[in-house]
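Participant:
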Amino acid sequence: MKKARIGLIGLGFMGSTHFRIYEAMENAEIVALADIDPVKRKGDISKVIGNIGNADNSQPLNMTGITVYENAFDMIKDPNVDIVDICCPTPFHADYIIAALEAGKHVFAEKPFARNLEQGARIAEAAKNAKTFLNFGMCVRAWPEYRYAYEQFKAGAYGKMISATFRRLSPDIDGNNWDNWFMDGKRSGGALLDMHLHDTDAVCYFFGRPKAVTSNGVNIVSKGAIDHVITFYHYDDGTLVEAEGSWGAPKTTPFEMTFQIICEKATIRLMAEGFKVYWKDGRVESPSVEATTGWHKELAYFVDCVLNGVAPDKYQSFESVYDAFKVVMAEQESCDAGKRIEIQY
Ligand SMILES: NC(=O)c1ccc[n+]([C@@H]2O[C@H](COP(=O)([O-])OP(=O)(O)OC[C@H]3O[C@@H](n4cnc5c(N)ncnc54)[C@H](O)[C@@H]3O)[C@@H](O)[C@H]2O)c1
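Using our numbering, read the sequence shown as starting at 77 and increasing by one per residue.
(1) Compute the beta-carbon to beta-carbon distance between ALA108 and ILE142, rounded to the nearest angstrom, for a pair I have assumed lies under 8 Å.
(2) Does the distance from the CB of THR334 to the CB of LEU346 come in under 8 Å?
(3) Classify PRO286 as helix, strand or coil using the three-state DSSP reduction.
(4) Taking contact to mean 3 or more Cβ pairs, one atom from each stretch, closer than 8 Å, check whether the stretch 240-247 and the stretch 170-188 are in contact.
(5) Among residues of its own chain, excluding the 5 on either side of ILE419, which ones have a beta-carbon nearer than 8 Å to its beta-carbon?
(6) Using a threshold of 8 Å, state whether the C-beta atoms of ASN253 and GLY88 are closer than that.
(7) Within a Cβ cutoff of 6 Å, which residues of the same chain sit near GLN336, ignoring the five residues on either side of it in sequence?
(8) Once you ignore the five residues that flank VAL297 on each side, which residues in its own chain have a CB closer than 8 Å to its CB?
(9) Tell me the DSSP secondary structure of TYR172 in three-state form.
(10) Flag VAL160 as yes when its Cβ comes closer than 7 Å to any non-hydrogen atom of ligand 1, and as no otherwise.
(11) Taking all protein chains shown into account, do 16 or more other C-beta atoms lie within 10 angstroms of the C-beta of GLY232, making it buried, or fewer, making it exposed?
(12) Buried or exposed for ASP158, going by 16 or more other Cβ atoms inside 10 Å?
(13) Given this structure, state the Cα-to-Cα distance separating GLY300 from PHE394, to the nearest angstrom.
(14) Below 8 Å, how does it come out for the stretch 375-384 and the stretch 219-236: are there three or more Cβ pairs, yes or no?
(15) According to DSSP, simplified to helix, strand and coil, what is THR166?
(16) Could you tell me if GLU201 is buried or exposed, where buried requires 16 or more neighbouring beta carbons within 10 angstroms of its beta carbon?
(17) Could you tell me how far apart the beta carbons of TYR398 and GLY196 are, in whole angstroms, since I believe they sit closer than 8 Å?
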């Protein structure tokens, strides 16, 4: 069987998650790895913690047959690599994405695809000229419950949306990452950019481009960033759409990713009671969805697309990811300015 040959950049929480997913896939193999940390280059992930998932990282990863690089730009040039998968800290994404596209590689890059609008514009330019495929880790779009709700909603099953709430609340991840970069607002963009972007993206995915945002945020644990944010997304049709993101709670607090969408015919909830649809006529439905993660779905899909030469458009277009990024940047501006911000697309 033909296998997609993966070159992975960054072996922290997300890189080791992707590593294990590819390892279990029949049609992909990791052929190269780049990380600036010599410990990670040996496959030692014993210090990797992250904020979601409970993987046992005590044993080193199996690095047999994997060419290891200190410098990711060297790995990008490796002729054995078909797909460059970028899982390093956010500020480095833009240069690696652009170099990989220019080297004629397919690229899967973690979110946020860029740290700021200037990097976003440079990536947009490179994406326009690329002949290869480019997708980003907007995993919520592929997460089974979100995807199910999205498909039903878009097919009109629930009727018109009236109000929606999305929530992504993580415990404090101080010390859980390489060089503690998440706690440095300049590098990570705080919980606003790093965590809450998933829900900003979900809002845009379900309901399209908001016209404006009003956000309020506070600094709790990081250096100089928003660690807890609440945003109202303004649409012309009078609907009420709101999302909340945080990594401000003590480490013992459970992780939460939830939503509730109230529509004319039904309310869809992913909440403590599970995934349910409450119909206006009294029926309560528990849709059965695949027991997997959006990470597995998005990577399997991207690998299939690369192997079959089919453009990966199921979960995202470049423009849709770029739009959500512009919205989250407007949320930062709204927090800073203390007022509603109209979004320039
Ligand atoms: N989609 C999701 O659900 C999700 C979840 C967590 C993190 N992420 C994203 O994944 C990315 C990585 O986050 P993480 O939690 O894995 O961080 P991490 O700190 O756990 O790991 C980062 C890794 O990158 C390496 N690294 C640092 N600088 C590098 C460079 N210049 N070149 C190559 N390697 C370098 C580090 O040594 C480390 O191994 C971030 O952009 C983050 O936002 C996405």
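For glycine and all other residues, C-beta sits at the position ideal for the given N, C-alpha and C. The structure displayed is predicted, hence computed values, not measured ones.
Facilitator: Inspection of the coordinates gives the following:
(1) Mapped onto the sequence shown, residue 108 falls at position 32. Mapped onto the sequence shown, residue 142 falls at position 66. Taking the Cβ atoms as the reference, ALA108 lies roughly 6 Å from ILE142, within the contact range of under 8 Å.
(2) Here residue 334 refers to the residue found at position 258 of the sequence shown. Here residue 346 refers to the residue found at position 270 of the sequence shown. Against a cut-off of 8 Å, the Cβ pair of LEU346 and THR334 comes out as a contact.
(3) On the sequence shown, residue 286 is found 210 positions in, with the first residue counted as 1. The three-state reading of DSSP puts PRO286 in coil, since its state is none of H, G, I, E or B.
(4) No: fewer than three Cβ pairs fall under 8 Å.
(5) Counting from one through the sequence shown, the residue named residue 419 turns up at place 343. Contacts found: ARG285, PRO286, LYS287, ALA288, VAL289, LYS402, VAL403 and ALA406.
(6) Here residue 253 is taken as the residue at index 177 of the sequence shown, counted from 1. Here residue 88 is taken as the residue at index 12 of the sequence shown, counted from 1. For ASN253 and GLY88, yes; Cβs fall inside 8 Å.
(7) Taking the sequence shown and counting its residues from 1, one reaches residue 336 at position 260. Take GLN336, set aside five residues on each side of it, and the residues of its chain with a beta-carbon closer than 6 Å to its own are THR241 and ARG345, in chain order.
(8) Indexing the sequence shown from 1 puts residue 297 at position 221. For VAL297, where only same-chain residues beyond five positions count, the Cβ hits under 8 Å are ASP248, ASP250, MET259, ASP303, TRP323 and GLY324.
(9) Sequence index remark: in the sequence shown, residue 172 carries index 96 (1-based). Judged by DSSP in its simplified three-state form, TYR172 adopts helix.
(10) The residue you call residue 160 lines up with position 84 of the sequence shown. No, the Cβ of VAL160 stays beyond 7 Å of every heavy atom of ligand 1.
(11) Position 156 of the sequence shown, counted from the first residue, corresponds to residue 232. GLY232 comes out exposed.
(12) For the purposes of this step, residue 158 is taken as residue 82 along the sequence shown, with counting starting at 1. Buried, by the Cβ-count rule.
(13) Taking the sequence shown and counting its residues from 1, one reaches residue 300 at position 224. Taking the sequence shown and counting its residues from 1, one reaches residue 394 at position 318. So the alpha carbons of these two residues sit roughly 30 Å apart.
(14) The stretch 375-384 is not in contact with the stretch 219-236.
(15) In the sequence shown, the residue the question calls residue 166 occupies position 90. Secondary structure of THR166 (DSSP, three-state): helix.
(16) Your numbering for residue 201 matches position 125 in the sequence shown. Counting Cβ neighbours within 10 Å, GLU201 comes out exposed, since fewer than 16 surround it.
(17) In the sequence shown, counting from the first residue as 1, residue 398 sits at position 322. In the sequence shown, counting from the first residue as 1, residue 196 sits at position 120. Indeed, because the Cβ distance is near 6 Å, the residues count as touching under 8 Å.
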